[in-house]
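Reviewing the structure listed below.
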Amino acid sequence: MDKFFKNNQLIFVIYCVTVSYGTINLPRIIAENAGTGGWISLILTTVIFLFIAYIITYLQYNHSEQTLFEYSSDLLGKPITYIITIIYIVYFFINFTMIARIYAEILKLIFLLKTPTIAICFLLYLVVFYTLKKDLGTLVRLCTIYGSINIIGFILINFSLLSKGKLVNIMPLFNFNDVLIYINTSKKAIISFAGIEVLLFIPLSKDKNKKIYKYTLLTMIFIGTLYIFLTEVCISVVGIESLVYYKATVFNVIRGLDLYYLEFLRRLDGIYIIFWTMNAFCSICIWGTGTIVFTKKIIPRIKHTPLLVITILISFIVSQLPKTKDRVQDILEYNGKLGYITFLVIPLILLIAMKVKNNDKKA
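Read the sequence shown against my numbering and you will find it ends at 368, with the numbers running on by one and no gaps.
In structure tokens:
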């Protein structure tokens, strides 16, 4: 990969990967565990991911023009690097596969009630296959376009929802006796912030990405702010008691509203799923690209197209194994626990190894 991307392109990659599956049930998870003080939990999670984003950006920037595989081999040796890379392949593949399946489930739940999930997945994988045949630059540009549209749509729809909200539903904003609850809830929100780790297979350039720290950190702050806004809006509209029973929370909250002043655009759930589809599609493609990139590092002789075909076929088959939507979400939650290793533990180990090596050189 000899092409490097601008900072403003990379932040849209991070945004599209993060703000896709993470938004579906986030308001319900926060409301169920922290009540009206859930915004504090989201702030704590945002702070945690600012730390994670800094570590990953630091590693990528200080190993200019390299991916995790190259500099991990230098820092930890080939055998350990192969183990680490396999962990990332598994993690990326599960996200790639299960987010594709959950997208099909949401589409069926909201609109295509009588359409088999396998048919929706089949069509989705055809489009994903076509997209992944292109180079990474095409996908990054797609993320830039779709991400921009999604941000505008996300903000407009949530401000429309806010007009139906009630202030009493989000009170009290804070309870001193629930501080420990807020801290524990922040752990449950972590899966919604996962995505910054995709930078590990996208090399940075010290010449073209000089302000990348600023861009990645501001992106995480922006995502955290959007999540707080989304959660508070959903709570204000339906209240804590109702929200905890909603599946596909955001879609069902939006679906329950009828905004007469929008005339022919009164079905907000139909509009919202268009914006959400853009991010979900980009997210699926980025996780799939990461799977392929890391696999090619281990098996360098395999060509791109055969590897892509094999990956798509295996992913499609695996996506049909869970029998229910709840089972798919369980798998994604388990994979989120593996995420602790991929976006926190491994980058920390690499950072420590890098510092030790630098100190040895100085000595």
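Virtual Cβ for every residue (Gly too), placed ideally from N, Cα, C.
Remember, predicted model here, so these are calculated numbers, not experimental data.
- Of all C-beta pairs linking the region 226 to 233 to the region 46 to 65, three or more are shorter than 8 Å, placing the two stretches in contact.
- Residue state for Pro305 is assigned as coil, using DSSP reduced to three classes.
- Judged by pairs of C-beta atoms under 8 Å, the region 9 to 24 touches the region 207 to 216, as three or more such pairs exist.
- Taking Val298 as reference, the option from Gln65, Thr90, Ile61 with the minimal CA-CA separation is Thr90.
- In the DSSP annotation of this structure, the continuous segment of the alpha helix (DSSP H) that includes Ala109 starts and ends at 83 to 115.
- For Ile29, the closest C-alpha among the options Lys301, Ala358, Phe280 is that of Phe280.
- Note on geometry: alpha-carbon atoms of Ile291 and Val361 lie some 32 Å from one another.
- Sixteen is the threshold: since fewer than 16 other Cβ atoms of the shown chains lie within 10 Å of the Cβ of Ser168, the residue is exposed.
- Rounded to the nearest angstrom, the gap between the Cα atoms of Val133 and Lys367 is 48 Å.
- In this model, Lys328 and Leu80 are separated by some 42 Å (Cα to Cα).
- The beta-carbon distance between Pro32 and Cys239, rounded to whole angstroms, is 4 Å. This is short enough to meet the 8 Å contact definition.
- A distance of 8 Å or more separates the beta carbons of Ile34 and Lys211.
- Burial of Asn100 is indicated by the presence of at least 16 other C-beta atoms within 10 angstroms of its C-beta.
- For Phe179, the CB contacts under 6 Å within the same chain, skipping 5 residues up- and downstream, are Gly42 in chain order.
- Annotated three-state conformation of Phe280 is helix, per DSSP.
- Looking only at Thr221, Tyr108, Ile304, the smallest Cα-Cα distance to Tyr87 is reached by Ile304.
- In terms of Cβ geometry, Pro208 and Gln71 form a close pair [threshold 8 Å].
- Under the three-state reduction of DSSP output, Thr50 falls in the helix class.
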